[in-house]
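Following: one structure in structure tokens, then a few remarks.
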Amino acid sequence: MSSRSSTWQVPAQWWRRGEAVHGRTPTPAPSKAPLKPDAIDGLIERVADQFDAVLDHPATPPEWADAARAFVAGHHSPTENVTPLAAAAAWMVSTQHNQYKMRTPFVVYLIGRFGAAFAAEAVVVAAGMTIEYHPSPQPRTMATSSLSHRIGMDTVNFWVDDAYSRVRSALAALSDDEYAAVAERLAEFRGSCFARRIATSFLLPTEHDWVAADLQKSSGLDRYQRSIGLVLLASVSDVAAVETAFELVEDRARAIWNVGIYPRILHAMCANIGPGLEPIVGEIFDGNLSSANKKRCAEILAEFDTDAGVSKLLDRLGTKHIEPAVLDAMDRAPERAARMLEESDKPLAGALLRDLYRTHPELAGPESRDEPTTLSASAVPTLLASPPWLGPRKASAPVVIDVDEPSTDLFTAWLPGEREEWAAAGTPYPPSVWRKTWADFIKEVTDGHGRYPLSYVAHAPDDIIRPLLPTITESSYLWQAEGEIRRILARFDVDAAHYVLRTVITKPAQTVHVLLPVGGSAVARRMVDWLQARSVRASALEWFDRHIDSAAPDVVASVLRQKGAPRLAAERGIRTLARRGNRDVLVSAAGQFGPKASAVVATIVDTDPLLVLPRTIPTTPAWLDPALLPPLVLRDTEAPLPTDAVQNVLVMFAMSRMDEVYAGIDILRDLVDTDDLAVFVWDVFERWAAAGFPDAQNWALDALGIVGNDDTARRLTPLIRTWPLQSAHRRAAAGLEALATIGTDAALGHLWTISQALRFPALRAKADTRIRRIADELNLTPLDLADRLVPNLGLDPDGTTTFDYGDRSFVATFDHRLSLVIVDRDGKTRDRLARPGQHDSDLAREEYKRYTTLRKDLGAVSGELIARFEKAMVAHRTWRMGQVRTHLVAHPLTWHVVSRLVWSTGSGTHFRFSDLRSPIDADGAHVEIADEVDVAVVHPLTMGDALRTWQHVLDAAMVQQPFEQVHRAVFTGDVRASIARLEGTKASTRQLLSLKSRGWIREEPQDKGAQISLDKRVTDAVTISIMVFPGFNAAQAVFSEIQKIVYIAISDGELTPIDASELQRDLSTIDTQPIRGDEPELRGEP
56 MSSRSSTWQV PAQWWRRGEA VHGRTPTPAP SKAPLKPDAI DGLIERVADQ FDAVLDHPAT
116 PPEWADAARA FVAGHHSPTE NVTPLAAAAA WMVSTQHNQY KMRTPFVVYL IGRFGAAFAA
176 EAVVVAAGMT IEYHPSPQPR TMATSSLSHR IGMDTVNFWV DDAYSRVRSA LAALSDDEYA
236 AVAERLAEFR GSCFARRIAT SFLLPTEHDW VAADLQKSSG LDRYQRSIGL VLLASVSDVA
296 AVETAFELVE DRARAIWNVG IYPRILHAMC ANIGPGLEPI VGEIFDGNLS SANKKRCAEI
356 LAEFDTDAGV SKLLDRLGTK HIEPAVLDAM DRAPERAARM LEESDKPLAG ALLRDLYRTH
416 PELAGPESRD EPTTLSASAV PTLLASPPWL GPRKASAPVV IDVDEPSTDL FTAWLPGERE
476 EWAAAGTPYP PSVWRKTWAD FIKEVTDGHG RYPLSYVAHA PDDIIRPLLP TITESSYLWQ
536 AEGEIRRILA RFDVDAAHYV LRTVITKPAQ TVHVLLPVGG SAVARRMVDW LQARSVRASA
596 LEWFDRHIDS AAPDVVASVL RQKGAPRLAA ERGIRTLARR GNRDVLVSAA GQFGPKASAV
656 VATIVDTDPL LVLPRTIPTT PAWLDPALLP PLVLRDTEAP LPTDAVQNVL VMFAMSRMDE
716 VYAGIDILRD LVDTDDLAVF VWDVFERWAA AGFPDAQNWA LDALGIVGND DTARRLTPLI
776 RTWPLQSAHR RAAAGLEALA TIGTDAALGH LWTISQALRF PALRAKADTR IRRIADELNL
836 TPLDLADRLV PNLGLDPDGT TTFDYGDRSF VATFDHRLSL VIVDRDGKTR DRLARPGQHD
896 SDLAREEYKR YTTLRKDLGA VSGELIARFE KAMVAHRTWR MGQVRTHLVA HPLTWHVVSR
956 LVWSTGSGTH FRFSDLRSPI DADGAHVEIA DEVDVAVVHP LTMGDALRTW QHVLDAAMVQ
1016 QPFEQVHRAV FTGDVRASIA RLEGTKASTR QLLSLKSRGW IREEPQDKGA QISLDKRVTD
1076 AVTISIMVFP GFNAAQAVFS EIQKIVYIAI SDGELTPIDA SELQRDLSTI DTQPIRGDEP
1136 ELRGEP
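If you count the sequence shown from 1, you need to add 55 to reach the numbering used here.
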């Protein structure tokens, strides 16, 4: 708690961040590094042509031109010709356009060389000048400029910027007599033009009559220039004047914005007026400000240290940046905070009040006090009581050995089947040759600019592109390019290795995984560096897992040759590789550089991991008070850890990242219940979120991945989905890594759902990449992995769950679309579970919470699960019958889908599952199917005469299917003939866009967001594109109500009958009409 005096005092930081006031502001320090005269000469030299052109212009007053040149000639050894007018003219002319950043340094130079009074007169005189532009009467001829008088109320292109602030600070440091003399001198300029009046009122805020008069006079400005009056808020001394300034701008919200974006004005206003401004600062916080400026407004409300300031904070509790400010206010005045939190009706207020009582138990009544006895100091484990970073740290100079760098040529090492899989990656069809030839494409590739799609290289004829790979410039179009680069590497193998490496180096975060099959020293050295980069570290580790034997000498050399910070980074990397089971390989590789090198490497990798600490031990911020966090209780004890030990736990997490965890965390997992740890880090994460997600503590998100559990994953997933909407894509990507690091089936299930359904392609691709890597590690396909990741949602084996309210209970089951169906004891069906009543048992509320959790978790998986089986039917995905029994039929949720479908064996035996979960035929007879037999969800096109039988069976049994199967429309006609009938017709834009639900996507936005095609990848080898005109736009898809179908193209791959049927089924949803010829929006071509 800060000491409080009877008189309110301006917080010192307000003066530092605001504007100086003579007689009130602490004396400001002079500029530490003012410009030297040579710097002014250099400026004039850079703008010499422009400087002379303006001064020589006939509209420039000759006396001003002479004065400016006199300043340039004499500022080294000031003479009587170096006047404030001369400085003003030189300043105005030399700091235009690309030299505007020199405005402030120029004025600081004037203050240091000629004094504050001189500089003040110069900037006031300059306020009466303006750069006037004179258009040339000749076409294609540049306008000329002159230095002219600013007349009357003209304030165009005038603003009180940082240069004026520097002069104001210098004036505030003058003695009283000097200050009075400056005021008397500047008063002489107030009658010449209004801009000079504004300048003088800003520079001399003690002249209250000037400020009041200029505020009133500002209302006479043109409506678009009145905002200049808002700079006087830095000089006002009462709330009424603030309101007068705001009224200058017709739109109050815009006035609020104008003030909020200039923190110096805001701080000056608050410092000049003090308490009473809290409502206006709250209003500014609510305005359309940047996150940083909102944060500062919240801090100011706390720094007022008044009831009104705290009240405005509590009114906004729950809004970003408010909670840290409330915590500050609680620390400043605990008694006030306790009183006002008790009165607040905000949900978060109760939690903050409990936090306050924990740190200030004397404020709580006896009934509110809850002070559990913490573990005695002697019982605290050594790691938590006296961790290594609190003791002395021995610093020893590393042994540097100048070994020769290995030079292994690039090579490829493919896993079984990997090259074949990669060869089919990326776009499965070559670029459209409509109006272009391969010569045109290759010309774009070889022009040296790198502005070409990678598909040009991936699909170019071998005899043309292979000889060019060593020399062509890598492409700069690398968004979602991993598939194309994989295809290039698989197709050309080692011939493409250098090209691929050069490409990856330009954007490693997006493409580094493509280097997994490529070995060699050039790659190894890059991977050593990338071990330190969070965005690519996981891929670098995976690369070393494959290539450590050949790369070990490169790793060792990178350590031995380095010193300083690079050496520390290299040592971290080699220790990480050693911990992954490569210790002996690395020490052995060091032997080829001599016994000394081997000893050095052995010493590095054998260092006690608890002693591997960062150079600077992280500290915890004020908003993260260990006393307020959920208690951590050692196993086999009942007393929580003391605050000092909890602080050390926080430091261990702060030193950890998901892919590089401090060794103490593993010990902590053995000491503390893992569920308690998960609750603990989630509370840390929520406090980090309430503080505005400061980058310095982004380890709070890593901690979720390190010790999180299923509940952590469930709570984190919806945040990952919303963060991209808040421009927090990097945080969302880290959230995906957290789900993958948690690694439980539930966490990976959430990751799978995101990979299939997230609306942001880049993040969806990241999630898909993580799923594929995990599936590869388990020797599964991504789809097989997904089958194992469906959450059971806490259901009983029969696929239901019961909610017990005591005297009444409800059974939850699912309909054909996996929507919850609630049935009470009387057999009555409900849409939702009844809320607990006063006669229900104490457990009813917990049961209702379980129900709401079930609904949320079900909503996250149901749609994707149904779509997965529909896609499986279309793609003729097969399972082994044993897999179906184990992972689908036996699963309490998936059962509700698979039991409503008709299945088929490879030999054509059709079956479904009975209520006893065994396969039966259309007559209800048991069908014997061995576990090793391949089965599939049968497509109606392949069912022949059996289709009608199964339609009757399911209809009679009143089985509703999760998607159209036996009643699905099928098409057997020639697909290309169907397509030909659509070309040259018109269709509704909205109907075309509705194809998205069937897997069609718009092309990537082209120039100005234009999109003229819809594409669908039918199989790995077949893609269909519909080209339309006038097309869509990324910003406004339906800018035209109708579209001309120009042509429909299918790549050369073979379509199966099912693919052809499904394609025609999609196209049958488009209602086409002939083009009459009088539709203006259809005139033209793409």
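Just so it is clear, CB atoms sit at the ideal spot from N, CA and C, and this is done for glycine as well.
Around the Cβ of glycine 999, are there at least 16 other Cβ atoms within 10 angstroms (buried) or fewer (exposed)? Within the sequence shown, the letter at position 944 stands for residue 999. Exposed, because fewer than 16 other Cβ atoms sit within 10 Å of the Cβ of glycine 999.
Given a threshold of 16 other Cβ atoms within 10 Å of its Cβ, counted over all protein chains shown, does lysine 1051 qualify as buried or as exposed? Translated into positions along the sequence shown, residue 1051 becomes position 996. Exposed: under 16 other Cβ atoms inside 10 Å.
Output the distance between the C-alpha atoms of valine 65 and cysteine 352, rounded to the nearest integer angstrom. Locating residue 65 in the sequence shown gives position 10, where the first residue counts as 1. Locating residue 352 in the sequence shown gives position 297, where the first residue counts as 1. Taking the straight line from one Cα to the other gives about 15 Å.
So which of Ala452, Val916 and Arg863 has the shortest CA-CA distance to arginine 890? Counted from its first residue, the sequence shown places residue 890 at position 835. It is Arg863.
Take the Cβ of tyrosine 188 as the centre, count every other Cβ of all protein chains shown within 10 Å, and call the residue buried at 16 or more, exposed below. Locating residue 188 in the sequence shown gives position 133, counting from the first residue. By the 10 Å Cβ count, tyrosine 188 comes out exposed.
Cβ shell of alanine 593 (< 7 Å), same chain only, five flanking positions each side left out: Position 538 of the sequence shown, counted from the first residue, corresponds to residue 593. Asp714, listed in sequence order.
Candidates Asp360, Trp146, Gln565 and Phe249: closest to phenylalanine 126 by CA position: For the purposes of this step, residue 126 is identified with residue 71 of the sequence shown, where counting begins at 1. Per the Cα distances, Trp146.
Taking only runs that begin and end inside the segment 947-1011, name each unbroken alpha helix (DSSP H) of 4 or more residues, in chain order. 950-953 and 1001-1011
For aspartate 386 and alanine 357, the rounded distance between their alpha carbons: The residue given as residue 357 occupies position 302 in the sequence shown. The residue given as residue 386 occupies position 331 in the sequence shown. Between alanine 357 and aspartate 386, the C-alpha separation is close to 10 Å.
Proximity to proline 330 [Cα-Cα], best of Asp96, Ala552, Val706 and Asp293: Position 275 of the sequence shown, counted from the first residue, corresponds to residue 330. Nearest of Asp96, Ala552, Val706 and Asp293 to proline 330, Cα basis: Asp293.
Please determine whether the Cβ atom of leucine 848 lies at a distance below 7 Å from any heavy atom of the ligand NAD. As for the ligand NAD, it is missing from this structure, which has no ligand bound.
With a threshold of 8 Å on Cβ separation, who are the neighbours of alanine 432 within its own chain once the five nearest residues in sequence on each side are excluded? Translated into positions along the sequence shown, residue 432 becomes position 377. Here the set comprises Ala440 and Pro697.
Cα separation between threonine 115 and threonine 134? Indexing the sequence shown from 1 puts residue 115 at position 60. Indexing the sequence shown from 1 puts residue 134 at position 79. Using only the alpha carbons, I get a separation of about 23 Å.
Determine the direct distance from the alpha carbon of leucine 368 to that of asparagine 327, and round the result to whole angstroms. Reading the sequence shown from its first residue, position 272 is the one you call residue 327. Reading the sequence shown from its first residue, position 313 is the one you call residue 368. So the alpha carbons of these two residues sit roughly 21 Å apart.
For a minimum of 3 consecutive residues, which ranges assigned as the beta strand (DSSP E) are wholly contained in the segment 139-203? 184-189
Measuring straight from C-alpha to C-alpha, what distance separates glutamate 945 and proline 852? Taking the first residue of the sequence shown as 1, we reach residue 945 at position 890. Taking the first residue of the sequence shown as 1, we reach residue 852 at position 797. It is alanine, not glutamate, that sits at residue 945 in the sequence shown. Going by the C-alpha atoms only, they are around 7 Å apart.
Put leucine 943 into one of helix, strand or coil per three-state DSSP. To locate residue 943, count along the sequence shown from 1; it is residue 888. Three-state DSSP puts leucine 943 in a helix.
May I ask you to report which of helix, strand or coil DSSP gives serine 1106? The residue labelled residue 1106 in the question sits at position 1051 within the sequence shown. It is coil, neither helix nor strand.
Please report the distance separating the alpha-carbon of phenylalanine 740 from that of valine 314. Sequence index remark: in the sequence shown, residue 740 carries index 685 (1-based). Sequence index remark: in the sequence shown, residue 314 carries index 259 (1-based). If I take the Cα positions, the gap works out to 33 Å.
With a CB to CB cut of under 6 Å and the five nearest residues on each side skipped, what residues in its chain are close to leucine 689? The sequence position of residue 689 within the sequence shown is 634, counting from 1. The residues are Leu726.
Whole-number beta carbon distance between isoleucine 520 and valine 512, since they are thought to touch under 8 Å: Here the question's residue 512 lines up with position 457 in the sequence shown. Here the question's residue 520 lines up with position 465 in the sequence shown. 6 Å between Cβ atoms; contact.
Which residue comes first and which comes last in the alpha helix (DSSP H) that contains threonine 796? Here residue 796 refers to the residue found at position 741 of the sequence shown. It spans 784-797 - the alpha helix (DSSP H) in which threonine 796 sits, taken as one unbroken run.
Is the segment 165-184 touching the segment 220-235, taking contact as three or more C-beta pairs under 8 Å? yes
Work out the CA separation of alanine 1011 and aspartate 970 for me, nearest whole Å. Taking the first residue of the sequence shown as 1, we reach residue 970 at position 915. Taking the first residue of the sequence shown as 1, we reach residue 1011 at position 956. The straight-line gap from Cα to Cα measures roughly 15 Å.
Who are the near neighbours of serine 1033 in its chain, counting only those whose CB is closer than 6 Å to its CB and skipping five residues on each side? The residue you call residue 1033 lines up with position 978 of the sequence shown. Around serine 1033: Gln1119.
Would you call the segment 578-593 and the segment 615-634 in contact, with 3 or more CB pairs under 8 Å? yes
Could you check if asparagine 834 is buried or exposed, using at least 16 other CB atoms within 10 Å of its CB as the buried criterion? As a first step, residue 834 must be located in the sequence shown, where it is residue number 779. With fewer than 16 Cβ atoms within 10 Å of its Cβ, asparagine 834 is classed as exposed.
Who are the Cβ neighbours of alanine 676 in its own chain at under 8 Å, not counting the five residues just before and after it? Stepping through the sequence shown from its first residue, residue 676 is reached at position 621. One detail in the question is off: residue 676 reads as proline in this sequence, not alanine. Ala746, Pro749, Ala751 and Gln752, listed in sequence order.
Quick check: glycine 574 and phenylalanine 466, are their CB atoms within less than 8 Å of each other? Indexing the sequence shown from 1 puts residue 574 at position 519. Indexing the sequence shown from 1 puts residue 466 at position 411. The answer is yes: Cβ separation under 8 Å.
Using CA coordinates, which residue listed in Ser653, Leu687, Lys821 and Arg634 is at the minimum distance from tyrosine 717? Position 662 of the sequence shown, counting from 1, holds the residue named residue 717. Considering only alpha carbons, the answer is Arg634.
Indicate the three-state DSSP secondary structure (helix, strand or coil) for tryptophan 469 in the structure shown. Indexing the sequence shown from 1 puts residue 469 at position 414. Three-state DSSP puts tryptophan 469 in coil, outside helix and strand.
With a CB to CB cut of under 7 Å and the five nearest residues on each side skipped, what residues in its chain are close to serine 247? Taking the sequence shown and counting its residues from 1, one reaches residue 247 at position 192. Answer for serine 247: Gly183, listed in chain order.
Contact between the segment 1076-1092 and the segment 984-997 (3+ Cβ pairs under 8 Å): no
In chain order, what residues of the same chain lie with their CB nearer than 6 Å to the CB of glycine 129, ignoring the 5 residues before and after it? As a first step, residue 129 is located in the sequence shown; it is residue number 74 there, counting from the start. For glycine 129, where only same-chain residues beyond five positions count, the Cβ hits under 6 Å are Asn136 and Val137.
With distances taken Cα to Cα, identify the nearest neighbour of valine 291 among Ala323, Glu302, Ile283 and Val559. Working through the sequence shown from its first residue, we reach residue 291 at position 236. Nearest option by C-alpha distance: Ala323.
What number of angstroms, rounded off, separates the C-alpha of arginine 601 from the C-alpha of tryptophan 469? Position 546 of the sequence shown, counted from the start, is the residue given in the question as residue 601. Position 414 of the sequence shown, counted from the start, is the residue given in the question as residue 469. One C-alpha to the other measures close to 10 Å.
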